[in-house]
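K.L.:
Input: one structure, supplied below.
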Amino acid sequence: MLISPKVSGHRRWVYTTYLNSNNFRHFLSTTADTTATAADPFKTHPSYQHLSTIKSKSELLQSYTVTPPIKPWPRYLSPKALISLIKSQHDPNLSLQIFHHAGNFHPGFSHNYETYQSIINKLCRARAFDEVETLLTELQKSSIQCGEGLFITMIRNYGIASKPKLALKTFLRIEKFGIQRSIRSFNALLNALVQNKEYDLVYAIFKNCQKKLDIMPSVFTCNILLNALCKKGDIDSAIQVLDEMPVMGIVPNVVSYTTILGCYVSIGDLVGAKRMFDEIVDRGWLPDATTYTVLMHGFAKQGKLIDAVKIMDEMEENGVGPNEVTYGVMIEAFCKEKKSGEAVNLLNDMLDKRYIPSSTLCCKVIDLLCEEGKVEEACDLWKKLLVKNCTPDNAISSTLIHWLCKKGKIREARKLFDEFEKGSSPSVLTYNMLIAGMCERGELHEAGRLWDDMVDKGCIPNAFTYNMLINGFCKAGNAKEGIRVLEEMLEKGCLPNKSTYSILIKGLLDSECEAEVLRVLPLAASGDVDLETWGILVAKFVTDLRNVCPILDKILLENDT
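When we follow this note's numbering, the leftmost residue of the sequence shown carries the number 29, and every step to the right adds one.
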């Protein structure tokens with residue numbers, strides 16, 4: 029039986045003795061004496077093939093005395109098993125340790141292209157690019173035959189990580205591994221450059237792809253170039269490339285025309301955009317949802333909502349269903365034009381078709397409904413999101429809580445908060461909206477209970493939270509309690525802002541607590557006080573300048589920017 033990674037002193041001595049014995053040397057022998065081999069009692073043991081791969085006794089002992097990075101470490105390790113181990117780790121550093129341990133210490137194991145690809149992909153996603161470069165250098169020195177897929181993944185990840193130069197370097201390095209660069213890696217490079225706004229470089233590389241790189245561009249390559257030119261705002265060059273594509277033996281497709289259509293929309297040229305759209309139809313192509321949506325967006329941006337609606341109707345008449353982007357464009361347009369009914373209808377249609385609206389989109393609809401006094405309808409929409417398994421997030425819920433509190437519906441706001449809390453963790457923003465509403469209505473006891481609940485659940489109050497509580501006490505005529513809140517705020521390391529001191533000082537002055545104001549002034553001297561509060565202070569204490577002037581001078585210096 030094989031010795032486990034941790035070997036006791038006695039067992040190690042026994043094992044070493046066995047390694048030095050004639051029996052073990054006979055066991056490793058490759059003699060042609062078939063009779064002796066057949067008689068070998070170890071021949072049928074499952075570990076025979078495993079042990080026969082060991083180059084030396086010292087290597088075998090070392091492999092079982094080095095502590096593996098994970099336990100239990102597999103006794104038999106194949107490349108496929110190692111890849112599974114690497115993928116299952118959350119920590120990329122641990123994955124790298126596993127990779128190195130397998131290659132350096134596991135008896136008989138050798139890395140192949142797939143194991144290198146697995147660890148490099150893992151490290152790329154973790155942005156551990158220094159380690160990736162080290163492994164790539166190691167791979168280049170080995171005799172392992174690589175594939176282009178590894179480099180395509182690296183190029184894409186460098187693009188996402190805003191490292192276009194490394195993406196280009198990786199592309200140029202491919203041939204050093206004995207691999208012919210193809211259109212796949214070339215397109216990946218162009219996309220990475222477009223991602224990082226290297227539009228001129230995209231054009232320069234494209235121009236040389238056939239002559240210097242021996243790569244024939246495809247329609248996808250041309251579309252990437254069109255995208256780069258359109259993002260740059262160079263519509264004339266984009267049109268020129270579109271016209272030259274047939275000369276290169278490449279037939280433009282719907283994406284080619286839609287890209288230029290989008291450029292016309294971005295520069296506000298709806299005539300050019302409509303001309304591109306009509307050309308798509310004239311060529312016998314059916315515009316897809318993206319093409320229709322881009323044109324709708326153009327009309328909506330310029331406030332031509334009727335034209336946008338006509339395009340959407342035409343789209344559905346031609347059997348092309350709207351996608352989530354289409355819904356988003358039109359709902360935003362209706363919200364902008366204050367048409368809450370149409371916005372809600374489209375949002376309901378979107379939910380019925382199992383599209384998930386963005387948080388921002390839902391907030392805009394809820395804001396519009398509440399602005400128009402349709403708070404109940406906004407609550408119904410919130411509930412529908414729950415029913416449709418599209419759980420409202422903190423942004424949506426805090427928006428509705430804010431409006432309920434603003435309309436004086438504190439109980440409804442609390443019920444909605446409790447319902448939200450059943451499936452989600454309220455953020456400091458959501459707590460703040462409800463605490464602010466309670467304080468505004470004088471429900472300080474309930475606000476205090478909610479504050480305690482907030483702290484107990486690990487949600488740390490911010491300056492806004494403290495300000496709302498201070499304001500609540502001041503409005504209730506208990507500004508002195510506001511001082512206690514300020515002191516606690518400072519003890520907790522939460523920095524007051526301009527509003528903090530202004531709220532408290534005004535509250536103390538309204539309560540005719542001049543002595544307490546003098547307690548707060550030294551604290552305010554290290555922070556901000558707005559001009560209005562400053563004016564009130566000067567007017568209030570103008571008769572006692574001898575005592576107050578030093579403090580007021582300090583406040584002036586602190587606020588002198």
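For every residue, glycine included, the Cβ atom is placed at its ideal position computed from N, Cα and C.
Treat the numbers as computed from the prediction; the structure is a model and nothing was measured.
#1: Examine the ligand COA and report whether any of its heavy atoms sits within less than 6 Å of the Cβ of T493.
#2: Which residue marks the beginning of the alpha helix (DSSP H) containing V597, and which one marks its end?
#3: Check each candidate in A464, I394, L537 and name the one with the smallest Cα separation from K412.
#4: In terms of alpha-carbon separation, which member of Y285, F234, K332 lies closest to D310?
#5: Can you tell me the Cβ-Cβ gap for I463 and L497, rounded? I've got them flagged as a contact below 8 Å.
#6: Below 7 Å CB to CB, which residues in the same chain sit around S387 once its five sequence neighbours on both sides are set aside?
#7: What did DSSP end up calling S123 once you bin it into helix, strand or coil?
#8: Find out if the Cβ-Cβ distance for the pair V279, A317 is shorter than 7 Å.
#9: Can you list, in chain order, the residues of its chain whose CB lies under 8 Å from that of G356, leaving out five sequence neighbours each side?
#10: Just how far apart, CA to CA, sit K150 and V94?
#11: From which residue to which residue does the alpha helix (DSSP H) around R382 run?
#12: Would you mind listing the beta strand (DSSP E) stretches within the segment 305-375 that are 3+ residues and don't spill past its ends, in chain order?
#13: When you compare the segment 424-435 with the segment 443-454, are there three or more beta-carbon pairs, one atom per stretch, that lie closer than 8 Å?
#14: Apart from the five residues just before and just after D371, which ones in its own chain have a Cβ nearer than 6 Å to its Cβ?
#15: Could you tell me the alpha carbon to alpha carbon distance between K260 and Y494, rounded to whole angstroms?
#16: Taking 7 Å as the limit between beta carbons, can you name the residues of its chain near R155, skipping five residues before and five after?
#17: Short of 6 Å in beta carbon distance, which residues of its chain neighbour R469, apart from the five on each side in sequence? Order them along the chain.
#18: Does DSSP put I180 in a helix, in a strand, or in coil?
#19: Reducing DSSP to helix, strand and coil, say where K204 ends up.
#20: Express the C-alpha separation of E400 and N236 in angstroms, rounding to a whole number.
#21: Ignore the nearest five residues each way along the sequence and tell me which others in F248's own chain have a CB closer than 7 Å to its CB.
#22: Label A301 either buried or exposed according to how many other C-beta atoms from any shown protein chain fall within 10 Å of its C-beta, with 16 as the threshold for buried.
#23: Rounded to whole angstroms, what's the CA-CA distance from F70 to T198? Just pull it up for me.
P.N.:
Taking the structure as given:
#1: With respect to the ligand COA, the structure offers nothing, as it holds no ligand at all.
#2: As displayed, the chain neither begins before 29 nor continues past 589, which places residue 597 out of reach and without an answer.
#3: Translated into the one-based positions of the sequence shown, residue 412 becomes position 384. Nearest C-alpha to K412: I394.
#4: Sequence index remark: in the sequence shown, residue 310 carries index 282 (1-based). The shortest C-alpha separation from D310 is found at Y285.
#5: Position 435 of the sequence shown, counting from 1, holds the residue named residue 463. Position 469 of the sequence shown, counting from 1, holds the residue named residue 497. The C-beta distance from I463 to L497 rounds to 7 Å, short enough to meet the 8 Å contact threshold.
#6: Here residue 387 is taken as the residue at index 359 of the sequence shown, counted from 1. Only D421, A423, I424 meet the Cβ criterion.
#7: Locating residue 123 in the sequence shown gives position 95, counting from the first residue. Of the three classes helix, strand and coil, the one that applies to S123 here is helix, per DSSP.
#8: Taking the first residue of the sequence shown as 1, we reach residue 279 at position 251. Taking the first residue of the sequence shown as 1, we reach residue 317 at position 289. One thing to note: V279 has its Cβ no nearer than 7 Å to the Cβ of A317.
#9: For the purposes of this step, residue 356 is taken as residue 328 along the sequence shown, with counting starting at 1. Result list for G356: P385, S386, L389, in chain order.
#10: In the sequence shown, residue 150 corresponds to position 122, counting from 1. In the sequence shown, residue 94 corresponds to position 66, counting from 1. Distance from the CA of K150 to the CA of V94, rounded to the nearest whole angstrom, comes to 24 Å.
#11: As a first step, residue 382 must be located in the sequence shown, where it is residue number 354. Neither: R382 is in no alpha helix (DSSP H) and is coded neither H nor E.
#12: Those beta strand (DSSP E) runs which fall completely within the segment 305-375 and span 3+ residues do not exist here.
#13: Two segments are said to touch when three or more pairs of C-beta atoms, one from each, lie closer than 8 Å; by this definition the segment 424-435 touches the segment 443-454.
#14: In the sequence shown, the residue the question calls residue 371 occupies position 343. Checking the displayed sequence, the identity of residue 371 turns out to be Ala instead of Asp. Leaving aside the five residues that flank A371 on each side, the residues in its chain whose CB is nearer than 6 Å to its CB run, in chain order, I359, F362, C363, V393.
#15: Taking the first residue of the sequence shown as position 1, residue 260 is located at position 232. Taking the first residue of the sequence shown as position 1, residue 494 is located at position 466. For the pair K260 and Y494, the Cα-to-Cα distance works out to about 47 Å.
#16: Position 127 of the sequence shown, counting from 1, holds the residue named residue 155. Excluding positions up to five away in sequence, the list reads A189.
#17: Here residue 469 is taken as the residue at index 441 of the sequence shown, counted from 1. Only I438 meet the Cβ criterion.
#18: By one-based count along the sequence shown, residue 180 stands at place 152. In this structure, I180 counts as helix in the three-state DSSP scheme.
#19: Mapped onto the sequence shown, residue 204 falls at position 176. In the structure shown, K204 sits in a helix (DSSP, three-state: H, G or I).
#20: As a first step, residue 236 must be located in the sequence shown, where it is residue number 208. As a first step, residue 400 must be located in the sequence shown, where it is residue number 372. Taking the straight line joining both Cα atoms gives about 59 Å.
#21: Working through the sequence shown from its first residue, we reach residue 248 at position 220. If you ignore the 5 residues before and after F248, its C-beta comes within less than 7 Å of the C-beta of N215, all in its own chain and listed in chain order.
#22: Position 273 of the sequence shown, counted from the start, is the residue given in the question as residue 301. Counting the other CB atoms within 10 Å of its CB gives A301 a total of 16 or more, which places it among the buried residues.
#23: Here residue 70 refers to the residue found at position 42 of the sequence shown. Here residue 198 refers to the residue found at position 170 of the sequence shown. Bear in mind that a pLDDT of 41 at F70, under 50, signals an unreliable position, so the number given afterwards is only what the model happens to contain. Roughly 50 Å between the two C-alpha positions.
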